[in-house]
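Some notes on the structure that comes next.
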Amino acid sequence: MTASTNTTSRTAGSTDNAFIHRLQQAVGRKYVLTKASATYRFRRGYRFGMGDVLAVVRPGSLIELWRVAQACVDAGKIVIMQAANTGLTGGSTPDGNDYDREIVLISTQRMATVHLIGEGRQVVCLPGATLHELEERLGKIGREPHSVIGSSCIGASVLGGVSNNSGGALVQRGPAFTEMALFGQVGPDGQLRLVNHLGIHFTGTPEEILADVEAGRIPEAAIDWHAGRGHDDGYATHVRDVDAATPARFNADPHRWHEAAGCAGKLVVFAVRLDTFPANKNPSVFYIGTNDTYELEDLRRHILTRFDELPIAGEYIHRDVFNIAETYGKDTFAIIRMMGTRFLPMFFGWKSRIDITMQRLPLLPSNLSDVLLQFISCFLPKQLPSRMCDYRDRFEHHLMMKVSAEMAAPVREWLEVFFAKSGGDWFECTPDEGKRAFLHRFAAAGAAIRYRAVHPQEAQDIVALDVALRRNDREWFETLPPEIEEKIIVKLYYGHFFCHVMHQDYVVRKGHDAMAVEHSMLPGLDARGARYPAEHNVGHLYDAPEEMLAHYRSLDPCNCFNPGIGKATKKRNWVAESV
């Protein structure tokens, strides 16, 4: 087949008109977007990725999603499933325009229902359910979801996390995982089938089953409580093995792939069933500073191996991250602190509309929204507690450790002894300080993007790596060779310290190829036994290893869902690229 240009502004042919009409019949004309300006915020990734689509479709029910998926399969279109579009590796957006079929991007955000089952011990989440909404629902009954920190701050979806085995900050629970899901799969014969592995018995046609799931018609007698795991229940033991020469978690670990879990958009997932957990009441946050990386590693090893209970979270930031986030993440910090995460979708929608308008006005910068937001942030009051700022001045390395109320006293006593013989220091946060400390850490995730946007004369682009280090790696802090160092303006190191997962963002100096800089870094990571990506999945940035590609081929033999992931072929039926 001749490669399509996939341009959204072209005039559709009669076949495409009939197809678009079928989509409109399925979901309503209002929810089929074809104009470039209307599809822009869906086909442009949060940090990376951009391409054209024939249409963006926004179904409002599982039956509508089934009908849209069926129409796309019948018409031979590519389907890209997208939830919140908060990914960092472009995994839910098109990657350029070199596909051999036209793309339909399906946004699932209108299907955000969450059903509690077993008095809230588990949940059934539909495709658009967000971590924030799930956290709020469970909070009312004293429980919490698998992930409550970090991703929930930027509106990420539950299914997005499961589909990519996303990690998150919680030490005890590991990557998002379930063996129970309801999904659509296209077999080798090209037919779309509904597969019910939710562990809940339903009868009837696919549409009748989907209607029951959506409505929450889930009688207790229909639930098999032994159907499978709703989270990785072995991770707490796994992460304690600090002498293991392998990482604790990374996306290409086949032990955490199971149908919807780790599918990376290779299935149409209608619902997942997940475990929930008792909420931690009155946790304590300890803020730790040091100038010695070995000291911090000794602390990590002791906490993981000598205490009966694991911390809730342990987040590391370098001093440079502290400074960059204080300046370039200040508005994000303030918005979440004052208005909560519920406001973020509206905020990003407003920002996207400004960016689209700027594209039509060549005399104004395309990044005007970031410039304006950065200007406004200059007038915001200081957001960070004075004790944190004092530690910034004293120490290069910072760790925020959250523990349960039961664990707080023994940790407090141990820190007193540990730091009496070292050069570091610590303090126990007030509840407000603790919230601000963790919010500052997560505002750092977008700080490099803002820095690049407001310094276009100096910054070429960003290299963003999330790296899983070996559990026994004492040399966890990176030292770059001079030939790479000279090409970088800013290095930002932050991450989930107890899991040895580091996020490493580099602002590349003007005039240097960011992709070439990234490739020059990878041999050093390979030599250290690191694995990457750790939790954001391969997307369109990383080469998927052969075992991962085999997994994708088994899920999607026609290569009709999200082709090109892991830099694989985008061709129908996985036909190899011509040499």
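According to my numbering, the sequence shown is numbered sequentially starting from -7.
Glycine is no exception: its CB is placed at the ideal position from the N, C-alpha and C atoms.
Self-check item: At least 3 beta-carbon pairs within less than 8 Å: the region 221 to 231 vs the region 261 to 275
Solution: Yes, the region 221 to 231 touches the region 261 to 275.
Practice problem: May I ask whether a heavy atom of the ligand ATP can be found less than 7 Å away from the beta carbon of Ala236? | Solution: Although the ligand ATP was asked about, the structure shown includes no ligands whatsoever.
Quiz item: Can you find at least 3 beta carbon pairs, one from the region 544 to 554 and one from the region 179 to 187, that sit closer than 8 Å?
Solution: Yes: the two stretches touch, three or more of their Cβ pairs being nearer than 8 Å.
Self-check item: Validate contact between the region 418 to 434 and the region 446 to 462 using beta carbons, cut 8 Å, 3 pairs
Solution: Too few Cβ pairs lie closer than 8 Å, so no.
Practice problem: Evaluate contact between the region 284 to 298 and the region 190 to 204, counting only Cβ atoms and requiring at least three cross-stretch pairs below 8 Å. | Solution: Short answer: they don't touch.
Exercise. Starting from the Cα of Gln366, find the closest Cα among Gly41, Leu108 and Ala439 and give me that residue.
Key: With distances taken between Cα atoms, Gln366 lies closest to Ala439.
Quiz item: According to the Cβ coordinates, are Val277 and Cys491 closer than 8 Å?
Solution: Cβ atoms of Val277 and Cys491: not closer than 8 Å.
Self-check item: DSSP state of Ser144 mapped onto helix, strand, coil
Solution: Legend: pLDDT at Ser144 = 41, less than 50; position of this residue unreliable, value from coordinates given subsequently. Helix at Ser144.
Practice problem: Return the CA-CA distance between Ser143 and Gly321, expressed in angstroms with no decimal places. | Solution: In this prediction, Ser143 has a pLDDT of 43, which is less than 50 and means its spatial position is unreliable; what the coordinates show is noted afterwards. If you take the alpha carbons of Ser143 and Gly321, they lie about 16 Å apart.
Quiz item: If you drop the 5 nearest sequence neighbours on each side, which residues of the same chain put their C-beta closer than 7 Å to that of Ser369?
Solution: Sequence-distant Cβ neighbours of Ser369 in its own chain, meaning closer than 7 Å and more than five residues away, are Lys322 and Asp323.
Practice problem: Let me know the secondary structure DSSP gives Ile109 once reduced to three states. | Solution: Assignment of Ile109 by DSSP, reduced to helix, strand and coil, places it in the strand class.
Quiz item: Cα-Cα, which of Ala28, Ile304 and Val261 is closest to Val395?
Solution: Minimum Cα distance to Val395 is reached at Ile304.
Exercise. Taking Gly79 as the reference, give the member of Gly52, Leu108, Met42 and Ala104 with the closest Cα.
Key: When Gly52, Leu108, Met42 and Ala104 are compared, the shortest CA-CA separation from Gly79 is found for Met42.
Quiz item: Does the count of Cβ pairs from the region 86 to 101 and the region 210 to 220 closer than 8 Å reach three?
Solution: Judged by Cβ distances under 8 Å, the region 86 to 101 makes no contact with the region 210 to 220, as fewer than three pairs qualify.
Quiz prompt | Straight-line gap, Leu184 to Met540 (C-alpha atoms, nearest Å) | solution = If I take the Cα positions, the gap works out to 23 Å.
Quiz item: Cβ atoms of Phe430 and Thr285: under 8 Å apart, would you say?
Solution: Cβ atoms of Thr285 and Phe430: not closer than 8 Å.
Quiz item: Are the Cβ atoms of Ile133 and Gly110 separated by less than 8 Å?
Solution: Contact flag unset, no.
Quiz item: Across which residues does DSSP place Ile192 in a beta bridge pair?
Solution: As a beta-bridge residue in DSSP terms, Ile192 pairs with Ile215.
Self-check item: Own chain residues within Cβ distance below 7 Å of Thr31, not counting five before or after
Solution: A distance below 7 Å between beta-carbons, with the five flanking residues on each side excluded, links Thr31 to the following residues of its chain, in chain order: Thr0, Leu25, Val45 and Val48.
Quiz item: Count the other CB atoms within 10 Å of the CB of Asn554; is the residue buried (16 or more) or exposed (fewer)?
Solution: Result: buried.
Quiz item: Exposed or buried, what is Asn77 when buried is set at 16 or more other beta-carbons lying within 10 Å of its beta-carbon?
Solution: With 16 or more Cβ atoms within 10 Å of its Cβ, Asn77 is classed as buried.
Quiz prompt | Own chain partners of Phe11 with C-beta closer than 6 Å, once the 5 adjacent residues on each side are dropped | solution = Here Phe11 has Ala67 as same chain residues with Cβ atoms under 6 Å from its own Cβ, once five neighbours each way along the sequence are excluded.
Practice problem: Please list, in chain order, all residues of the same chain as Leu118 whose beta carbon is under 6 Å from its beta carbon, the five residues on each side excluded. | Solution: Cβ within range, chain order: Met103, Thr105 and Ala263.
Quiz item: With respect to the alpha helix (DSSP H) encompassing Gly266, which residues constitute its N-terminal and C-terminal limits?
Solution: It is worth fixing the name first, because residue 266 is Leu in this sequence and not Gly. Per DSSP, Leu266 belongs to no alpha helix (DSSP H); it is in the beta strand (DSSP E), Val260 to Asp267.
Practice problem: Run the CB neighbour count on Glu307, radius 10 Å, all protein chains shown included, and call it buried at 16 or more, exposed below. | Solution: Glu307 is buried by the Cβ-count criterion.
Exercise. Determine the contact status of Gly120 and Thr100, defining contact as a CB-CB distance below 8 Å.
Key: Yes, the pair counts as a contact, with Cβ atoms nearer than the cut-off.
Exercise. Give the single residue among Arg466, Lys559, Ala317 and Val261 whose Cα lies nearest to the Cα of Val530.
Key: Nearest to Val530 by C-alpha distance, out of Arg466, Lys559, Ala317 and Val261, is Lys559.
Practice problem: Please list, in chain order, all residues of the same chain as Thr56 whose beta carbon is under 7 Å from its beta carbon, the five residues on each side excluded. | Solution: It is worth fixing the name first, because residue 56 is Glu in this sequence and not Thr. Within the same chain, Ala18 and Val19 come within 7 Å of Glu56 by CB-CB distance, once the 5 residues on both sides are set aside.
Self-check item: For Trp468, three-class secondary structure by DSSP
Solution: In the three-state reduction of the DSSP assignment, Trp468 falls in the coil class.
Quiz item: Just the Cα atoms here: how many angstroms apart are Cys145 and His138?
Solution: In this prediction, Cys145 has a pLDDT of 44, which is less than 50 and means its spatial position is unreliable; what the coordinates show is noted afterwards. Going from the Cα of Cys145 to the Cα of His138 covers about 14 Å.
Quiz item: Relative to the alpha-carbon of Leu151, which residue among Gln74, Ile201 and Lys427 has its alpha-carbon at the smallest distance?
Solution: Nearest C-alpha to Leu151: Gln74.
Quiz item: Using DSSP with H/G/I as helix, E/B as strand and the rest coil, what is His124?
Solution: His124 falls in the helix class under three-state DSSP.
Quiz item: Whose C-alpha, out of Thr170, Trp342, Leu533 and Cys64, is nearest the C-alpha of Val116?
Solution: Of the listed residues, the one whose Cα sits closest to Val116 is Thr170.
Quiz item: In three-state DSSP terms, what is Gly159?
Solution: Gly159: coil per DSSP, three-state reduction.
Quiz item: Among residues of its own chain, excluding the 5 on either side of Tyr38, which ones have a beta-carbon nearer than 7 Å to its beta-carbon?
Solution: Within the same chain, Tyr38 has close Cβ partners Asn77, Thr78, Gly79 and Leu80.
Exercise. With DSSP collapsed to three states, give me the class of Thr29.
Key: One point to set straight first is that residue 29 is Ser, not Thr, in the sequence displayed. Three-state DSSP puts Ser29 in a helix.
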